[in-house]
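There are 4 protein chains.
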Amino acid sequence: MSEHEDEQLVGEYPSLPKQKRSQQKRDALLESGRALFIEKGYEQTNAKEIASHAGVATGTFYRYFTDKRQLMMSLLEDQLEKLLPPEPNWTNVDPESFFATLLEQHYKRLNRLGLHRVLPELLLKDPQLAEVVAEARKKIHARILVSLKNAREQGIVWADLDLDTVSWSIMVLSDKIPEKLTECGNQADYSKLAKVICRLVFPPDVLKQLKLNKK
Amino acid sequence: MSEHEDEQLVGEYPSLPKQKRSQQKRDALLESGRALFIEKGYEQTNAKEIASHAGVATGTFYRYFTDKRQLMMSLLEDQLEKLLPPEPNWTNVDPESFFATLLEQHYKRLNRLGLHRVLPELLLKDPQLAEVVAEARKKIHARILVSLKNAREQGIVWADLDLDTVSWSIMVLSDKIPEKLTECGNQADYSKLAKVICRLVFPPDVLKQLKLNKK
Amino acid sequence: MSEHEDEQLVGEYPSLPKQKRSQQKRDALLESGRALFIEKGYEQTNAKEIASHAGVATGTFYRYFTDKRQLMMSLLEDQLEKLLPPEPNWTNVDPESFFATLLEQHYKRLNRLGLHRVLPELLLKDPQLAEVVAEARKKIHARILVSLKNAREQGIVWADLDLDTVSWSIMVLSDKIPEKLTECGNQADYSKLAKVICRLVFPPDVLKQLKLNKK
Amino acid sequence: MSEHEDEQLVGEYPSLPKQKRSQQKRDALLESGRALFIEKGYEQTNAKEIASHAGVATGTFYRYFTDKRQLMMSLLEDQLEKLLPPEPNWTNVDPESFFATLLEQHYKRLNRLGLHRVLPELLLKDPQLAEVVAEARKKIHARILVSLKNAREQGIVWADLDLDTVSWSIMVLSDKIPEKLTECGNQADYSKLAKVICRLVFPPDVLKQLKLNKK
DNA sequence: GATGAATGAGGATTCATTCAT
DNA sequence: GATGAATGAATCCTCATTCAT
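Chains H, B, V and D are the protein sequences, given in the same order.
So for the first sequence, our numbering puts the first residue at 1; every next one is plus one.
So for the second sequence, our numbering puts the first residue at 1001; every next one is plus one.
So for the third sequence, our numbering puts the first residue at 2001; every next one is plus one.
So for the fourth sequence, our numbering puts the first residue at 3001; every next one is plus one.
What follows is the structure in structure tokens.
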């Protein structure tokens, strides 16, 4: 057998759960893994704990996952794509409100996943997983970039900024919201940050016009 | 040298090395710790490896540090403050070049430290250390904020943005440079990012004026 | 069986063994611990040895005991009270034979426990355990004292001796039998020591009378 | 070199200290060893601590002793023989006062040595040392036995007791004084125990006569 | 399928002893 | 002689993984 046999993203499941009870157990394990990874960190959580938190025996864990790394991968697979932002139609929205709402939603999703707290640790130790994450980030980045390019074609974004850099900046700032809220403490910062992001994208006069359009 | 000179934040060392050879060993251990933490991750590195990488016996490690956590703390203490940005005089510099240079320096420092790759992992598991880091970040944030406030008094920054949010954004974007360079691959992105940051701070006409002043 | 039945003095076990096989392993570990403590001394025995002597893996030891100290405590708990002497009815027994038999039994019990050889070492290093042992000794002392007091009320013991001191002396001499047999080598010394003890308790004429009563 | 080269009692000294400074250091080490053995137990004390308590470097310890075992042996050699009781002249003393005084002195010596607290631990792990101690005890036992035999020739001890057992009992009870004082707390128990011991030796009428002789 | 007891390699740490200064 | 830093074998304990029930 090749050492690389599980180089598809998540590897083969020890068994493909087809029945309802099985699926429930697998879900319980995923959820317990997520909760414990967030609470105590990836490294500090072991398979036994995940199993017992999910109300199953240690051995059962290994029926559904080869190890906690695979469970982690499944979590990521399930959820990373949920972070893709929607494609906005700039002429229909108030960009500041739009970004503020987006940031809040993004923050809530990040918080629900919670994984952003453990990811950095994992990326270092698990290059395969790092790739999965990088891929997801590239998608997000690309999605933002496309929006910006569309907007530029409409002549509504700064002409002198590198859109790739701008979209990357938006992504980074969005990702760091949880940290900002922790560091600065103010729960209503979304609109402030939304304003900052809008400045990166729209010249003030354009922004004013867009707001008027909306109303 | 006073016996108490480094009894601050990190607690007492198992032994305060007084002799030159000792200091060399301690330094070798610190450097090995740094290198291995960066290379393999904090969790994946153990005291034995650090010692052997530094060319000393396992026991010697414990002569100088109570455990690898303390070594980590020492690394941070030694180096976090080196990340403080200088206080700029906006009327004397071309802001874009200034930021580009700053970003490049910051990137090089981060890379030299390398610790940014292991920090996230640690912050989760070690609240005491998290505090040290948060403190350092607050200092950096504050330093940037002060610069911006001075600039605002000179009427040279956007009047409608929250400076706290702007300075936080600058810090976050700076910190993520290593990641950007990895993700996007382009080593000459500093000026692009510098432009983006300048847009957050200076209205375009002000910026043009500042550039002229410089010349 | 109640889950709480042995949560007394020794604290909770890492796991309360419920199954028969488990109980067997736990017992095997206890027995191995006892044997090795006696053979090599407490300090000289480690968990790995106890486990391998019991035919289980090191980790299994830690499933049943937090450390060897707890195993020691369990041994003591199980067995100290077995050393309590029976309450004699002086008018029904030949005191010399009674004591001789008692001494022999006590000796055999001590030998079976074997712990008397390691106890002194432990008492110094483990005050909690020292308390357990002191408590047991106090019970034994008290039991002897009660017997003597009853006998004195019947007017059959020396009137001029301090009964507390006498009962303490009996306890001490009994405890040292193993040492005496080692030092002096004579296995049939029980009756000699019994005579000595009888002299501490009964005036010769009373003793003669008691012997007659018996016959 | 033979593995048995130090089978004389204490082994060869790494160096025979002839000079005053050396002798002082050696004494300081012995005293520190004694103090720490008593305070923390033999096993719990290490060479480094003994050295530092004596105000010398670790290496110096090994100049004077091959290891802490040898230091222990030296302590015993120096002091065990001090425990030999004096030869009494029964016709000249009040036996009860004599024994009471003897017990008190013995107790004080034991306490000064303090070693009785660590001996049991050692005897088990170090048969060579056990022999040294057994030898010393035999001497003490013999000394008491001789006294008793002399007394018996004068017809002043019980005729029906085994003198060997009686002398052994006296030794054991004497050795346990520290424990009795701890267990029972009464510092003035010497005379009570002296009475008990006298009962083992002298018939009451003889004792009365001896007391009269004294006066 | 499910269980959870058992495994044992591996990490963290200590300390008796040596030896360069 | 004296020093104390350095050594590394040995110990304690954990936990990912297996497997008999």
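Where is the CB? At the ideal position from N, CA and C, for every residue including glycine.
Here's the rule: buried if 16 or more other CB atoms are within 10 angstroms of the residue's CB, otherwise exposed. What is residue i?
{"i": "LYS1176(B)", "result": "buried"}
{"i": "LYS68(H)", "result": "buried"}
{"i": "ASP3078(D)", "result": "exposed"}
{"i": "LEU1146(B)", "result": "Reading off the sequence shown, one finds Val at residue 1146(B), where the question assumed Leu. So VAL1146(B) ends up on the exposed side."}
{"i": "LEU113(H)", "result": "buried"}
{"i": "SER1169(B)", "result": "buried"}
{"i": "ALA3051(D)", "result": "buried"}
{"i": "THR91(H)", "result": "exposed"}
{"i": "GLY3155(D)", "result": "exposed"}
{"i": "GLN2023(V)", "result": "exposed"}
DSSP on residue i, reduced to helix/strand/coil?
{"i": "TRP168(H)", "result": "helix"}
{"i": "GLY1041(B)", "result": "coil"}
{"i": "THR66(H)", "result": "coil"}
{"i": "THR91(H)", "result": "coil"}
{"i": "ALA1057(B)", "result": "coil"}
{"i": "PRO1204(B)", "result": "helix"}
{"i": "LYS3048(D)", "result": "helix"}
{"i": "ILE156(H)", "result": "coil"}
{"i": "LYS3020(D)", "result": "helix"}
{"i": "LEU1161(B)", "result": "coil"}
{"i": "LEU3084(D)", "result": "coil"}
{"i": "ASP1078(B)", "result": "helix"}
{"i": "VAL3196(D)", "result": "helix"}
{"i": "ASP3189(D)", "result": "coil"}
{"i": "LYS25(H)", "result": "helix"}
{"i": "LYS219(H)", "result": "The first residue shown for chain H is 1 and the last is 215, placing residue 219(H) beyond what the model contains."}
Just curious, the alpha helix (DSSP H) that residue i is in, first and last residue?
{"i": "THR2101(V)", "result": "2095 to 2113"}
{"i": "PRO1127(B)", "result": "1127 to 1153"}
Looking at chain B, is there any beta carbon in it that lies within less than 8 Å of the beta carbon of residue i?
{"i": "VAL196(H)", "result": "yes"}
{"i": "ASP189(H)", "result": "yes"}
{"i": "SER174(H)", "result": "no"}
{"i": "LYS108(H)", "result": "no"}
{"i": "ASP250(H)", "result": "Since the first residue shown for chain H is 1 and the last is 215, residue 250(H) is missing from the structure and cannot be characterised."}
{"i": "ASP78(H)", "result": "no"}
{"i": "LEU102(H)", "result": "no"}
Taking only beta-carbon atoms, is residue i less than 8 Å away from chain V?
{"i": "GLU3043(D)", "result": "yes"}
{"i": "VAL3146(D)", "result": "no"}
{"i": "SER2987(D)", "result": "Outside the modelled stretch of chain D, which goes from 3001 to 3215, sits residue 2987(D), for which no answer is possible."}
{"i": "SER3074(D)", "result": "no"}
{"i": "ARG3199(D)", "result": "yes"}
{"i": "LYS3192(D)", "result": "yes"}
{"i": "VAL3166(D)", "result": "yes"}
{"i": "LYS3180(D)", "result": "yes"}
{"i": "LEU3115(D)", "result": "no"}
If we define contact as Cβ-Cβ less than 8 Å, is residue i a contact residue for chain H?
{"i": "ARG1034(B)", "result": "no"}
{"i": "ARG1132(B)", "result": "The residue you asked about is not Arg; residue 1132(B) is Val in the sequence shown. Chain H contact via Cβ: absent."}
{"i": "LEU1210(B)", "result": "no"}
{"i": "HIS1004(B)", "result": "Residue placement at HIS1004(B) cannot be trusted, given a pLDDT of 41 that sits under 50; the coordinates are not used to answer."}
{"i": "LEU1129(B)", "result": "no"}
At least one CB of chain D closer than 8 Å to the CB of residue i: is that the case?
{"i": "TRP2158(V)", "result": "yes"}
{"i": "THR2066(V)", "result": "no"}
{"i": "LEU2083(V)", "result": "no"}
{"i": "SER2022(V)", "result": "no"}
Using 8 Å as the cut-off, can you tell me whether the segment 91 to 99 of chain H makes contact with the segment 28 to 36 of chain H, which would need three or more C-beta pairs spanning the two stretches below that distance? no
For the segment 3099 to 3114 of chain D against the segment 3187 to 3199 of chain D, do three or more pairs of beta-carbon atoms, one drawn from each stretch, fall closer than 8 Å, so that the two count as touching? yes
Determine, using beta-carbon pairs with one atom in the segment 3020 to 3030 of chain D and one in the segment 3049 to 3063 of chain D, whether at least three such pairs fall under 8 Å. yes
For the segment 2143 to 2161 of chain V and the segment 2200 to 2211 of chain V, state whether three or more C-beta atom pairs, one from each stretch, are separated by less than 8 Å. yes
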